[in-house]
Amino acid sequence: MVKVLVLGATGFLGNALATAFARAGHQTYGLVRSQVKAKVLEKEEIIVVVADINEPAKWSSVAEKVDVVVDATVDYQNPVGHVERILSTVESASRKRVSNGAQKLVYIFTSGIWVYGENGSNVLTESSLPNNPPKHIAWRIDVEKKIISSTDVNGIVFRPGTFYGKGGSLTAIWFNAALQGDLKTPGKRDLRWAVVHVDDLADAYVRAAERAELVKGQIFIVANNQSESISDCLEAVARVTGYKSDSNKAISFVEPDPANPIDIGRAISNVVDSSKVRNLLGWKQQHLGFVDGIDFWWASFKAHNL
62 MVKVLVLGAT GFLGNALATA FARAGHQTYG LVRSQVKAKV LEKEEIIVVV ADINEPAKWS
122 SVAEKVDVVV DATVDYQNPV GHVERILSTV ESASRKRVSN GAQKLVYIFT SGIWVYGENG
182 SNVLTESSLP NNPPKHIAWR IDVEKKIISS TDVNGIVFRP GTFYGKGGSL TAIWFNAALQ
242 GDLKTPGKRD LRWAVVHVDD LADAYVRAAE RAELVKGQIF IVANNQSESI SDCLEAVARV
302 TGYKSDSNKA ISFVEPDPAN PIDIGRAISN VVDSSKVRNL LGWKQQHLGF VDGIDFWWAS
362 FKAHNL
């Protein structure tokens, strides 16, 4: 059994991670900002830690008694400072553990494939060099290096594709846009995304935590075996939502908002190879792709959001 603390445990990814760890039989702590969301975690047998992530003194004692800290948070206003504060807290907790005869903490950080920048149809691996990623995203590269090179923690970095399933995450933007009668997306018509179902992604994190001594210091891409054509994705969304594509409601591709980091990331085309996570962690895609399973994702989106 692994003892794990999930930061951001009620977020889209964080909740899937905390639930996956608990269901795998691990003692799981979930950090939440208020007691209001505590029951969501308690129903899944997750131990609730109520604290503001920006006040490390209120949760660092929990970090000291677990084996793994999983970070599923981001702060787009101060991204580097946010991660550095968390890393510093986890490193301090890890040093205290070591001084008491325990092993170093494992720190699993969530990055993303947007760090590669625009690469068209070139197939990317963990060793591929970034291609001028946008400044809103490029900060992740140096942060990854700090985590992997830390001597105080055993760092592991995940670069997942775009999440789908459940409430939808970024794909929920399409469902909402269709319902509002304006189905569009930033980027070009030949845009392709590497994607992964959020539960499949969570499985990779669990596998890494269970094998942390073997895969510490590693970066993993996690995405489905096939990338998705965004044109196909939008056509599928239009079908299940009943979106009427006429002269006034055509599916459209638009320029990303330069001030919106999410918009910029959504306009990046990436095709990736997940061989490393399959070979080292035994991970594999379990869920249908976004287009093939669109009826399931639409039904789940409605149950979560409507």
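If you count by my numbering, then the sequence shown holds residues 62 to 367, one letter each, in order. C-beta atoms are modelled at their ideal positions from N, C-alpha and C, and glycine is treated no differently.
Per-residue burial, residue i [other beta carbons within 10 Å of its own, 16 or more giving buried]
{"i": "Ser308", "result": "Here Ser308 scores only 49 on pLDDT, less than 50, and its place in the model should not be relied on; the value that follows carries that caveat. Ser308 comes out exposed."}
{"i": "Val61", "result": "The requested residue 61 does not occur in the structure, where the chain is confined to residues 62 to 367."}
{"i": "Arg84", "result": "exposed"}
{"i": "Gly303", "result": "exposed"}
{"i": "Asn215", "result": "buried"}
{"i": "Ala70", "result": "buried"}
{"i": "His258", "result": "buried"}
{"i": "Pro322", "result": "buried"}
{"i": "Gly75", "result": "buried"}
Residues that residue i bridges to, as DSSP identifies them
{"i": "Tyr225", "result": "His258"}
{"i": "Asn183", "result": "Answer is none; Asn183 lacks a bridge partner."}
{"i": "Ile217", "result": "Ile169"}
{"i": "Thr246", "result": "Phe314"}
{"i": "Asn192", "result": "Gly178"}
{"i": "Val333", "result": "Leu185"}
Local conformation of residue i per DSSP, three classes
{"i": "Ile282", "result": "strand"}
{"i": "Ile114", "result": "coil"}
{"i": "Asn139", "result": "coil"}
{"i": "Ser313", "result": "strand"}
{"i": "Leu68", "result": "strand"}
{"i": "Lys165", "result": "coil"}
{"i": "Leu349", "result": "coil"}
{"i": "Tyr177", "result": "helix"}
{"i": "Asp293", "result": "helix"}
{"i": "Gly326", "result": "helix"}
{"i": "Ile147", "result": "helix"}
{"i": "Gly132", "result": "This sequence places Asp at residue 132; Gly is not what is there. If DSSP states are grouped into helix, strand and coil, Asp132 belongs with the strands."}
{"i": "Tyr90", "result": "strand"}
{"i": "Ser308", "result": "Caution applies to Ser308, whose pLDDT of 49 falls short of 50 and renders its modelled position unreliable; the value that the coordinates give is listed next. Of the three classes helix, strand and coil, the one that applies to Ser308 here is coil, per DSSP."}
{"i": "Arg253", "result": "strand"}
{"i": "Leu74", "result": "helix"}
{"i": "Val127", "result": "coil"}
{"i": "Ile107", "result": "coil"}
{"i": "Val63", "result": "coil"}
Cβ-Cβ separation, residue j to residue i (assumed contact under 8 Å), whole Å
{"i": "Leu166", "j": "Ser155", "result": "4 Å"}
{"i": "Leu185", "j": "Ile114", "result": "That pair is no contact at about 31 Å."}
{"i": "Ala332", "j": "Arg253", "result": "Rather than Ala, the amino acid found at residue 332 in this sequence is Val. With 8 Å as the limit, Val332 and Arg253 qualify as a contact, their Cβ atoms being about 6 Å apart."}
{"i": "Glu316", "j": "Pro247", "result": "7 Å"}
{"i": "Val256", "j": "Thr212", "result": "Going by Cβ atoms, the distance from Val256 to Thr212 rounds to 35 Å, so no, they are not a contact pair."}
{"i": "Ser335", "j": "Ala284", "result": "5 Å"}
{"i": "Gln347", "j": "Asp261", "result": "5 Å"}
Cβ-heavy atom distance, residue i to the ligand FAD, below 8 Å
{"i": "Asn180", "result": "With respect to the ligand FAD, the structure offers nothing, as it holds no ligand at all."}
CB of residue i within 9 Å of CB of residue j, strictly
{"i": "Phe394", "j": "Arg250", "result": "A question about residue 394 goes unanswered here, because the residues of the chain that appear run from 62 up to 367."}
{"i": "Trp358", "j": "Gly173", "result": "no"}
{"i": "Ile234", "j": "Arg300", "result": "no"}
{"i": "Ala270", "j": "Val129", "result": "yes"}
{"i": "His87", "j": "Lys64", "result": "yes"}
{"i": "Ile329", "j": "Glu187", "result": "no"}
{"i": "Gly325", "j": "Pro140", "result": "In the sequence as presented, Gly is not what sits at residue 325; that position holds Ile. Not a contact, by the Cβ cut-off of 9 Å."}
{"i": "Ser121", "j": "Ser153", "result": "yes"}
{"i": "Lys310", "j": "Leu240", "result": "no"}
is_contact[residue i, chain B] using C-beta, thresh 9 Å
{"i": "Ser230", "result": "Reference to chain B is not applicable here, since this structure consists of a single protein chain."}
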